[in-house]
Amino acid sequence: SQQGEEDPQALSIQEGENATMNCSYKTSINNLQWYRQNSGRGLVHLILIRSNEREKHSGRLRVTLDTSKKSSSLLITASRAADTASYFCATADNQAGTALIFGKGTTLSVSS
Amino acid sequence: KAGVTQTPRYLIKTRGQQVTLSCSPISGHRSVSWYQQTPGQGLQFLFEYFSETQRNKGNFPGRFSGRQFSNSRSEMNVSTLELGDSALYLCASSPGQGGSLLGYTFGSGTRLTVV
Chain A
1 SQQGEEDPQA LSIQEGENAT MNCSYKTSIN NLQWYRQNSG RGLVHLILIR SNEREKHSGR
61 LRVTLDTSKK SSSLLITASR AADTASYFCA TADNQAGTAL IFGKGTTLSV SS
Chain B
113 KAGVTQTPRY LIKTRGQQVT LSCSPISGHR SVSWYQQTPG QGLQFLFEYF SETQRNKGNF
173 PGRFSGRQFS NSRSEMNVST LELGDSALYL CASSPGQGGS LLGYTFGSGT RLTVV
């Protein structure tokens, strides 16, 4: 079953622009993670934000988490063509050994 | 260090056959999880293994099974294949139990096509 729901489903921007993707989830979580997938290959872990954190940065990525609204956003600044991929949020509850639950993803297309 | 290795990369099988997929985690990682990815259902959790024991199982029929060896390598098996089993099967490893709490490193996946 899907926990996270990304919005929008698809996003097309020009190189240099910023891209923002949103994720909403339903239950209380231990952490929320963002992954990138290029063309049906494996997922690449981008960033993990814990439930007691509100914002986290990694290079051109900025992730926010609002546990009261059960939502998160991923901002990619100064997008490049190489950022073209699908982006997934995934949530984990508090118990070890429980599964990471993924949303259906946002497909980002960055054109030069 | 080497990443998560999945073999084979592509596989075509006939309905009714069985298939075994292999995953070698990152050296030192003891937790291996498997996910199925399809266009319709997205990424769905199959199972997680830690120290050769299945720690968690997703909502899949008994035709889907797996195991983990003492060197942490894992295999998953699907018996009596159905057309709907066509998917990208992804393996993910994590240093300890509770990979969902630490973040996963994924392999490139095995693309299974059932005809």
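Respectively, the protein sequence lines represent chains A and B. Sequential numbering of the first sequence, starting at 1, is according to the working numbering. Sequential numbering of the second sequence, starting at 113, is according to the working numbering. Don't be surprised by glycine CBs; every beta carbon is placed ideally from N, CA and C.
*Residue-level contact to chain A via CB, Phe172 (chain B), 8 Å cutoff*: Along the second sequence, read from residue 1 onward, the residue named residue 172 (chain B) stands at position 60. Interface with chain A (8 Å Cβ-Cβ cutoff): Phe172 (chain B) is excluded.
*Express the C-alpha separation of Arg127 (chain B) and Pro169 (chain B) in angstroms, rounding to a whole number.*
Here residue 169 (chain B) corresponds to residue number 57 of the second sequence, with the count starting at 1. Here residue 127 (chain B) corresponds to residue number 15 of the second sequence, with the count starting at 1. Correcting the residue identity first, residue 169 (chain B) is Lys in this sequence and not Pro. Going from the Cα of Lys169 (chain B) to the Cα of Arg127 (chain B) covers about 24 Å.
*When B:Thr225, B:Gln180 and B:Gly140 are compared against Trp146 (chain B), the one with the closest alpha-carbon*: For this step, residue 146 (chain B) is matched to residue 34 along the second sequence. Looking at the Cα atoms, B:Gln180 is the closest of the given residues.
_Quick check on Ser1 (chain A): buried or exposed, where buried means 16 or more other Cβ atoms within 10 Å of its Cβ?_
Counted from its first residue, the first sequence places residue 1 (chain A) at position 1. The predicted model places Ser1 (chain A) with a pLDDT of 46, which falls under 50 and marks its position as unreliable; any figure quoted below should be read in that light. Exposed is the call here.
*Ignore the nearest five residues each way along the sequence and tell me which others in Leu200 (chain B)'s own chain have a CB closer than 6 Å to its CB.*
Residue mapping note: residue 200 (chain B) aligns to position 88 of the second sequence, counting from 1. So the qualifying residues of the chain are Gln149, Gly221 and Arg223.
*How is Ser1 (chain A) classed by DSSP in three states: helix, strand or coil?*
The residue labelled residue 1 (chain A) in the question sits at position 1 within the first sequence. Confidence at Ser1 (chain A) is low in this model, with a pLDDT of 46, below 50, so its placement is unreliable and the value that follows should be read with caution. Three-state result, Ser1 (chain A): coil.
*Where does Ala78 (chain A) fall in DSSP's three states?*
Position 78 of the first sequence, counted from the start, is the residue given in the question as residue 78 (chain A). Note: Ala78 (chain A) maps to coil in three-state DSSP.
*Report the residues of the stretch 19-42 of chain A with a CB closer than 8 Å to any CB of chain B, ordered along the chain.*
So the close ones are Asn30, Asn31, Gln33, Tyr35, Gly40, Arg41 and Gly42.
_Cross-chain neighbours of Ala92 (chain A) in chain B, by beta carbon under 8 Å_ = In the first sequence, residue 92 (chain A) corresponds to position 92, counting from 1. Residues of chain B passing the Cβ test: Ser212 and Leu213.
*asked:* Are the CB atoms of Leu214 (chain B) and Ser206 (chain B) within a distance shorter than 8 Å?
replied: What you label residue 206 (chain B) is simply residue 94 of the second sequence in a count that begins at 1. What you label residue 214 (chain B) is simply residue 102 of the second sequence in a count that begins at 1. Going by C-beta atoms, Ser206 (chain B) is nearer than 8 Å to Leu214 (chain B).
*Spell out whether any CB of chain A is found under 8 Å from the CB atom of Tyr122 (chain B).*
Counting from 1 along the second sequence, the entry for residue 122 (chain B) is found at position 10. Closer than 8 Å: no.
*Could you say which of B:Tyr216, B:Leu155, B:Gly152 and B:Phe159 lies nearest to Ser186 (chain B) if we only look at CA atoms?*
For this step, residue 186 (chain B) is matched to residue 74 along the second sequence. Of B:Tyr216, B:Leu155, B:Gly152 and B:Phe159, the residue nearest in Cα terms is B:Phe159.
_Taking the straight line between their C-alpha atoms, what separation do you get for Asn18 (chain A) and Arg41 (chain A)?_
Here residue 18 (chain A) refers to the residue found at position 18 of the first sequence. Here residue 41 (chain A) refers to the residue found at position 41 of the first sequence. Note on geometry: alpha-carbon atoms of Asn18 (chain A) and Arg41 (chain A) lie some 24 Å from one another.
*Quick one: list the residues of chain B neighbouring Leu48 (chain A), beta-carbon separation under 7 Å, in chain order.*
Residue mapping note: residue 48 (chain A) aligns to position 48 of the first sequence, counting from 1. Per Cβ cutoff of 7 Å: Gly215.
*Given 8 Å, three or more beta-carbon pairs between the stretch 116-130 of chain B and the stretch 71-79 of chain A*: No contact exists between the stretch 116-130 of chain B and the stretch 71-79 of chain A.
*asked:* According to DSSP, is Leu100 (chain A) part of a helix, a strand, or is it coil?
replied: For this step, residue 100 (chain A) is matched to residue 100 along the first sequence. Collapsing the DSSP output to three states places Leu100 (chain A) in coil.
_Helix, strand or coil at Ser212 (chain B) [DSSP, three-state]_ = What you label residue 212 (chain B) is simply residue 100 of the second sequence in a count that begins at 1. Correct three-state label for Ser212 (chain B): helix.
*Under three-state DSSP, which class holds Asp7 (chain A)?*
Walking along the first sequence from the start, residue 7 (chain A) turns up at place 7. Correct three-state label for Asp7 (chain A): strand.
*Between the beta-carbon of Thr77 (chain A) and the beta-carbon of Arg54 (chain A), is there less than 8 Å?*
Position 77 of the first sequence, counted from the start, is the residue given in the question as residue 77 (chain A). Position 54 of the first sequence, counted from the start, is the residue given in the question as residue 54 (chain A). Contact: no.
*asked:* Can you tell me whether Gly196 (chain B) is helix, strand or coil according to DSSP?
replied: As a working mapping, residue 196 (chain B) is identified with position 84 in the second sequence. Gly196 (chain B) carries a helical assignment under DSSP once its states are collapsed to helix, strand and coil.
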